[in-house]
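Everything below concerns the one structure shown next.
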Amino acid sequence: MPENSIIRSGNLILNADTSLTPAVYNIIIDPLNSDSSVVDSITIYDTDPYDAIGYPYRVSTDAENWVYTFQIKNILQNISLGNETNIGFKLVANEKNDPFESAWFSIQSEPKPRLEIIYVAN
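Counting the sequence shown from 1 gives a position; the numbering used here is that position plus 579.
Shown next, in the form of structure tokens:
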């Protein structure tokens with residue numbers, strides 16, 4: 580994307596596994612606030628080791644036909660302008676979901692996750 584571009588829309592699109600994911604399930608995406616490369620997959624943590632930014636970039640959405648579309652234009656624009664750093668994103672289930680259900684995603688099968696950005700440049 581060219582420098583000083585203005586993002587008109589920015590969507591992260593994730594396709595859920597239709598055989599494992601309930602039809603009604605809300606997911607939250609939140610940009611990470613600190614580097615997660617120091618997180619050890621063997622260690623058991625008392626609290627969540629992934630520190631997220633939260634408001635105003637935290638976004639939640641329900642699936643439509645098992646497709647989750649997260650509108651993340653605000654964080655993408657601020658990353659583009661240098662106001663924020665792209666460390667990654669944290670996906671979590673909304674607290675209002677059934678605690679015995681989960682959303683399942685496969686990055687190996689089609690359709691693959693995608694990021695769609697529409698922008699204008701000078």
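Think of the CB as a built atom: it goes at the ideal place given N, C-alpha and C, for glycine as much as any other residue.
### Task
In the DSSP assignment, find the unbroken beta strand (DSSP E) run with Asn594 in it and report its ends.
Ile585 to Asn594
### Task
Counting only runs of 3+ residues fully inside the region 617 to 701, write out the beta strand (DSSP E) ranges in chain order.
638 to 641, 646 to 650, 668 to 672 and 693 to 699
### Message
Mapping the DSSP letters down to three states, classify Leu599 as helix, strand or coil.
### Response
coil
### Message
Would you call the region 624 to 633 in contact with the region 679 to 689, where contact means no fewer than 3 C-beta pairs closer than 8 Å?
### Response
no
### Sheet register partners of Pro581 (DSSP bridge)
According to DSSP, which records beta bridges pairwise, Pro581 is partnered with nothing at all.
### Message
Can you check which of these residues, Leu694, Tyr604 and Leu660, is closest to Gln650 by C-alpha distance?
### Response
Leu694
### Contact the region 597 to 614 vs the region 630 to 650: 3+ CB pairs below 8 Å
yes
#### Entry: Separation of Tyr634 from Asn662, as counted between CA atoms
15 Å
### Query
First and last residue of the beta strand (DSSP E) that includes Asp614?
Counting along the chain, Asp614 falls outside any beta strand (DSSP E), and DSSP gives it neither H nor E.
### Message
What does the alpha-carbon distance come out to for the pair Gln656 and Ile585?
### Response
7 Å
### Message
Determine whether the beta carbon atoms of Ile623 and Asp609 lie at a separation below 8 Å.
### Response
no
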